[in-house]
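Colleague: Residue numbers for the sequence shown follow our numbering, so the first one is 72 and each next one is one higher. Quick reminder that beta carbons are idealized off the backbone N, C-alpha and C, glycines included.
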Amino acid sequence: MILLKNGTYIDWQTLEFRQTDILVESGARGGLRFSASLTPGPSPGGRGEHDGSVIHTIDCTGKFITKSFANGHHHVYSALARGMKTPKKNPANFQEILQYVWWTLDKALDPEMIRSSALVTAIACAKNGITFVIDHHASPFAVSGSLEIIAQAFEEVGIGHLLCYEISDRDGVEIARKGLDETADYLSERQGLVGLHASFTVGNETMNKAVQLAAQTNSGIHIHVAEDKSDQEHCISNYGFRVAERLHAQGVLQFPKTILAHCLHLDEYEREMVSASPVWVVENMESNLNNSVGLFNAEGLGQRIMMGTDGMHSDMLRSAKAAFFAGQAIDPIGYDGIYHRFRNVHHYLYENGFTGDGENNLLVLDYDTPTPFGTDNFYGHFLFGIESGHVKHVISDGKLMVENGRVLTVDEDKILANARIQAQRLWDHMQ
Numbered sequence: 072m073i074l075l076k077n078g079t080y081i082d083w084q085t086l087e088f089r090q091t092d093i094l095v096e097s098g099a100r101g102g103l104r105f106s107a108s109l110t111p112g113p114s115p116g117g118r119g120e121h122d123g124s125v126i127h128t129i130d131c132t133g134k135f136i137t138k139s140f141a142n143g144h145h146h147v148y149s150a151l152a153r154g155m156k157t158p159k160k161n162p163a164n165f166q167e168i169l170q171y172v173w174w175t176l177d178k179a180l181d182p183e184m185i186r187s188s189a190l191v192t193a194i195a196c197a198k199n200g201i202t203f204v205i206d207h208h209a210s211p212f213a214v215s216g217s218l219e220i221i222a223q224a225f226e227e228v229g230i231g232h233l234l235c236y237e238i239s240d241r242d243g244v245e246i247a248r249k250g251l252d253e254t255a256d257y258l259s260e261r262q263g264l265v266g267l268h269a270s271f272t273v274g275n276e277t278m279n280k281a282v283q284l285a286a287q288t289n290s291g292i293h294i295h296v297a298e299d300k301s302d303q304e305h306c307i308s309n310y311g312f313r314v315a316e317r318l319h320a321q322g323v324l325q326f327p328k329t330i331l332a333h334c335l336h337l338d339e340y341e342r343e344m345v346s347a348s349p350v351w352v353v354e355n356m357e358s359n360l361n362n363s364v365g366l367f368n369a370e371g372l373g374q375r376i377m378m379g380t381d382g383m384h385s386d387m388l389r390s391a392k393a394a395f396f397a398g399q400a401i402d403p404i405g406y407d408g409i410y411h412r413f414r415n416v417h418h419y420l421y422e423n424g425f426t427g428d429g430e431n432n433l434l435v436l437d438y439d440t441p442t443p444f445g446t447d448n449f450y451g452h453f454l455f456g457i458e459s460g461h462v463k464h465v466i467s468d469g470k471l472m473v474e475n476g477r478v479l480t481v482d483e484d485k486i487l488a489n490a491r492i493q494a495q496r497l498w499d500h501m502q
């Protein structure tokens, strides 16, 4: 167990500030015990005894303690892309970005690269206060076993996860079948989702099989939706439906666990359809800006909206700020609204019975603000003050994962050194 002494706890839902000691129980079902004074360890960072259990004590004087963060839509496979050479052709539109960058990259991945990507992603998440990741993976020529590789890498670091494989017909029916088989195998042992790329790369037969699999495994679909106008154009031309209409007709929208990523180019009727369904929407503002596909607008989509990074990085605070500032042009949202959207991923996980995001997932902020900080002005500090650099300690499932900004669970230097080797291998293969 971990004893957090002399800290200020911020309830992530009520925003109540409380001076307290916190005893953090370990394990997936571990809870929190609050007291004005719990038995301390012999010294800050030391070990002591409490109710017969060995405890690790951390002095949190002047620090703020709150629930850790979660990422509603990530892409492990993008982790080794940073700094790679420009593509053979400068992409002129979103379709060419996919063709010449991401679909070239994902075809080049092998198991060793996938493991390295997952470890690097997990480390970055941990240091930014993220203890749970919903990931959407693709590696068309290394499908089998890819999800278990990611899961084990995440668990080595201490990151909870909800994974899926991006099933698609774009590389042929055989690879689509492998994606379905990989998903079925993984879901027979672990919690996860049934991943689909997007409407324009998934035919009716594959989508139907994916929906059947989701129903059989009590899961849901995780799919990119109307990220670019071309997704709508393809759907109308090939199926006679708009994207959300097609997903509704195919049964994708029936599952409370379904996640629709992006949802930029939906008309009013589609938005009503999504809002009336039990599904969740995930916003990825920085990715949308980077790809020049448009800006997210929550109008008509309801309240089940959460946030992700779409593989751009692993910093949810940065994503929230970007969503707020860029969103003012089309999606004017208040300070409280952006915070609630930022935290909605916890509600998604809890309401759907997923494990790994319990109350014993915490972070400690070393946030020495020059202005008063409390419940009444929390949102202003969240948007304009608190940054990931203020994350000092991170606790995942009641275990200390990051201490003083350093990951404890794995050899970070060794992993990053190997990642540079794997990145070069990946880049050479892409060429």
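Check Gly112 in the structure and name its three-state DSSP category.
Modeller: One-based indexing of the sequence shown puts residue 112 at position 41. Only weak support exists for where Gly112 lies, its pLDDT of 48 falling under 50; the coordinates are left without a value.
Colleague: Going along the chain, which residues of its own chain have a beta-carbon closer than 8 angstroms to the beta-carbon of Ser114, five neighbours each way excluded?
Modeller: Locating residue 114 in the sequence shown gives position 43, counting from the first residue. Note that Ser114 has pLDDT 40, beneath the 50 cutoff, so the model's placement of it is unreliable and the number below is only indicative. These residues qualify, in order along the chain: Thr128.
Colleague: Whole angstroms is fine: what's the gap from Val204's alpha carbon to His145's?
Modeller: For the purposes of this step, residue 204 is taken as the residue at position 133 of the sequence shown. For the purposes of this step, residue 145 is taken as the residue at position 74 of the sequence shown. Rounded to whole angstroms, Val204 to His145 spans 7 angstroms at the Cα level.
Colleague: What's the C-alpha gap between Ala490 and Arg153?
Modeller: As a first step, residue 490 is located in the sequence shown; it is residue number 419 there, counting from the start. As a first step, residue 153 is located in the sequence shown; it is residue number 82 there, counting from the start. Cα to Cα, the separation comes out at about 11 angstroms.
Colleague: Quick check on this structure: which residue in Val95, Thr202, Glu430 and Gly133 has the alpha carbon closest to the alpha carbon of Gly143?
Modeller: Here residue 143 refers to the residue found at position 72 of the sequence shown. Cα-wise, what sits closest to Gly143 is Thr202.
Colleague: Whether or not the region 401-409 and the region 429-436 are in contact is what I'm after, with contact meaning three or more pairs of Cβ atoms, one per stretch, closer than 8 angstroms; do they touch?
Modeller: No contact exists between the region 429-436 and the region 401-409.
Colleague: Where does Asn164 sit, in a helix, a strand or coil, going by DSSP?
Modeller: Looking up residue 164 in the sequence shown gives position 93. In the structure shown, Asn164 sits in coil (DSSP, three-state: anything other than H, G, I, E or B).
Colleague: Could you pull the DSSP bridge partners for Lys463 from this structure?
Modeller: Counted from its first residue, the sequence shown places residue 463 at position 392. Its beta-bridge partners do not exist; DSSP assigns none.
Colleague: State the DSSP-derived secondary structure class of Ser239, mapped to helix, strand or coil.
Modeller: Indexing the sequence shown from 1 puts residue 239 at position 168. Reduced to three states, the DSSP call for Ser239 is coil.
Colleague: Determine the DSSP secondary structure at Gln374, reduced to helix, strand or coil.
Modeller: The residue labelled residue 374 in the question sits at position 303 within the sequence shown. Note: Gln374 maps to coil in three-state DSSP.
Colleague: Identify the residues that DSSP records as bridge partners of Lys76: which are they?
Modeller: Taking the sequence shown and counting its residues from 1, one reaches residue 76 at position 5. Paired residues: Asp130.
Colleague: Out of Leu372, Pro349, Asn361 and Asp177, state which residue places its alpha-carbon closest to the alpha-carbon of His336.
Modeller: The count along the sequence shown starts at 1 and reaches residue 336 at position 265. Considering only alpha carbons, the answer is Leu372.
Colleague: Could you please give the first and the last residue of the uninterrupted alpha helix (DSSP H) stretch that includes Arg389?
Modeller: For this step, residue 389 is matched to residue 318 along the sequence shown. It spans Met387 to Gly398 - the alpha helix (DSSP H) in which Arg389 sits, taken as one unbroken run.
Colleague: Tell me the DSSP bridge mates of His144?
Modeller: On the sequence shown, residue 144 is found 73 positions in, with the first residue counted as 1. For His144, which the question treats as bridged, DSSP gives no partner whatsoever.
Colleague: Just to confirm, is the Cβ distance from Ala315 to Val345 under 9 angstroms?
Modeller: Indexing the sequence shown from 1 puts residue 315 at position 244. Indexing the sequence shown from 1 puts residue 345 at position 274. Yes, the Cβ-Cβ distance between Ala315 and Val345 is below 9 angstroms.
Colleague: Between the Cα of Leu264 and the Cα atoms of Thr380, Thr288 and Glu245, which residue gives the shortest distance?
Modeller: For this step, residue 264 is matched to residue 193 along the sequence shown. Closest option to Leu264, Cα to Cα, is Thr288.
Colleague: Touching or not, the region 350-357 and the region 161-168, by the rule of three or more beta carbon pairs under 8 angstroms?
Modeller: Verdict: no, contact absent.
Colleague: Have a look at Tyr450, Tyr421 and Arg375 and flag the residue whose alpha-carbon is nearest the alpha-carbon of Lys392.
Modeller: On the sequence shown, position 321 is the one that residue 392 refers to. Residue Tyr450 is the option with its Cα nearest to Lys392.
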